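Reading the sequence shown from the start, the letters are residues -3 to 438 in the numbering used here.
The C-beta atom is built at its ideal place from N, Cα and C for all residues, glycine as well.
Being a predicted model, the structure only gives us computed values, none of them experimental.
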Amino acid sequence: MLFSAKGDIMPREITADIERLFRRIDTRRDDLVKLTQDLIRFPTVNPPGDAYEACARFLGARLDARGARVDYVRGKGEPDDTDLHPRLNVVGRFEGGLPGPCVHFNGHIDVVEAGLGWTLPPFEGVVKDGRVYGRGACDMKGGIASAIIAMESLLDEGLLTRGAIEFSGTVDEESGGFGGVGHLARNGWFDKGRVDHVIIPEPLNPDRVCLGHRGVWWAEVEITGQIGHGAMPFLGVSAIRGMGDFLTLIEKELVPALETRRTRMPCVPEGARQATLNLNSIHGGQPEPFDGLPAPVVADRCRLVLDRRYLIEEPLEGVKGEIVALLDRVKAARAGLDYSVREIMTFAPTMTEPDAPVVAALDEWIDNLFGRPAEHVASPGTYDQKHITRFGAVRDCVAYGPGILDLAHQPDEWVGIEDMVLSTKVMAAATLTLLRRETSRA
Ligand SMILES: [Zn+2]
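Pasting the structure below:
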């Protein structure tokens, strides 16, 4: 076995239990499909955050029926939380009785809008050719259903004897997760002693484990000049020309420098294994939209929004500092120019080490069920892992779940039923491995 040499995972001793567990999951196939359909039928579109409460209460009732302690946690005071669209999260916890670690599954219940181009109804959960179709089928209601069936199968087989298993259904992942996992993490739900290992069943393909994600720094740069008559531009100071200087420095110096910075994180696609910068939007001069006659003035302001994705090897201060250094050079080159930088949003990069317990446990059962080693990946963009590792105290956190990443947010989104069954088995068996580890918390 892959990790038996380490001495802390002993698959042979639990083979009989695992066989029972896998047989149980095979018999739950129809329930797995039904639960996925039920979840898709809540149109939890974000924005604005429709049907959150109904979906959270549906999940809570299901967990409650199996004897979980269920809490509803509203992201009060968080962005977009209103009485019309409450940011309602649900947490359910099953205790094993004996002391041991807690394995937590977290899934976001929100989905992006359906958009155009569907050939099937997006909120009905149509089953066709071994797939369940609908908005959120792969991102990530199929993953939530798989995690719940994994937990229920462990309970059905009487395999939760020590430690605890926990599930949270959270909101707003698609818009930053502040009212969802961010709120839970800042309020103690991922503290030491509560949760030890976290699996987020995002659609990463059922034979891959996602260790983490790059960081992001969103900022708005404003360059200011001096207004003047457009017929005598030499009497003004053009903020647009200043921005042009800045863009030239970005193209000639910063972008080539970023391309040389490689990360040890296994980001997919391959192009994301370096630092990147996207110029999100730019505006200078006369206000937009504009359909009249232009006023003959020199533009005295120009704004640029930057989306900088940074690596775990890059300190955030350096990320900011190199932008400021370029702007200082732009300012020094033209009298009368100035600049300001407004930080919009920052999320730190995060990565769980490839030999961490949750990774080893998932690897072992992927290898067992797929007959090949698990692939380790990292995400180019962020997801809720940042909140758990940054505001919470859980370092042993990964994304692992059914579904094909490329289908997320697409029309005719689907999740494969066989993929769900396989990843349900991986999640259930990995949970058992983690609950039985000798190194568990006392
Ligand atoms: Zn997702």
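Within-8 Å CB hit, Ile140 to chain C: Given the protein chain composition of this structure (a single chain), no chain C is represented.
Gly103: first and last residue of the uninterrupted beta strand (DSSP E) it sits in: Leu94 to His104
Proximity to Leu231 [Cα-Cα], best of Asn276, Val320, Ala331 and Asp392: Ala331
Span of the beta strand (DSSP E), counted from its first residue to its last, around Val205: Arg204 to His209
Integer Cβ distance of Ile21 from Val417, believed to fall under 8 Å: 6 Å
Proximity test, Tyr379 beta-carbon vs ligand 1 heavy atom, cut-off 7 Å: yes
Glu169 beta carbon less than 8 Å from that of His104: yes
Val177 beta carbon less than 8 Å from that of Leu84: no
Cβ-Cβ separation, Thr427 to Ala12 (assumed contact under 8 Å), whole Å: Not confirmed; about 17 Å, so no contact.
Inter-residue spacing [alpha-carbon to alpha-carbon] between Pro202 and Asn364: 13 Å
Proximal residues to Ser149 (C-beta, below 7 Å), its chain only, five neighbours per side dropped: Leu17, Arg20, Ile21, Arg24 and Ala424
Minimum C-alpha distance to Leu315 - residue among Arg257, Asp380, Ala57 and Gly288: Checking the sequence shown, residue 315 turns out to be Val, not Leu. Considering only alpha carbons, the answer is Arg257.
Gly173 in three-state terms, based on DSSP: coil
Complete alpha helix (DSSP H) runs within the segment 297 to 351 (minimum length 4 residues, chain order): 312 to 329
Burial state of Ile36 (16 or more Cβ within 10 Å): buried
Gly412 - DSSP class collapsed to helix/strand/coil: strand
Thr11 - containing alpha helix (DSSP H), residue span: Thr11 to Thr23
Simplified DSSP state of Glu49, which is helix, strand or coil: helix
Local conformation of Val390 per DSSP, three classes: coil
Outcome for Met341 when other beta-carbon atoms lying within 10 angstroms are tallied against a minimum of 16: exposed
Beta carbon of Cys98 nearer than 8 Å to that of Ala160: yes
Rounded straight-line distance, which links the Cα of Ala291 to that of Glu313: 40 Å
Nearest neighbour of Ala50, chosen from Val86, Arg65, Leu401 and Ile196 [CA to CA]: Val86
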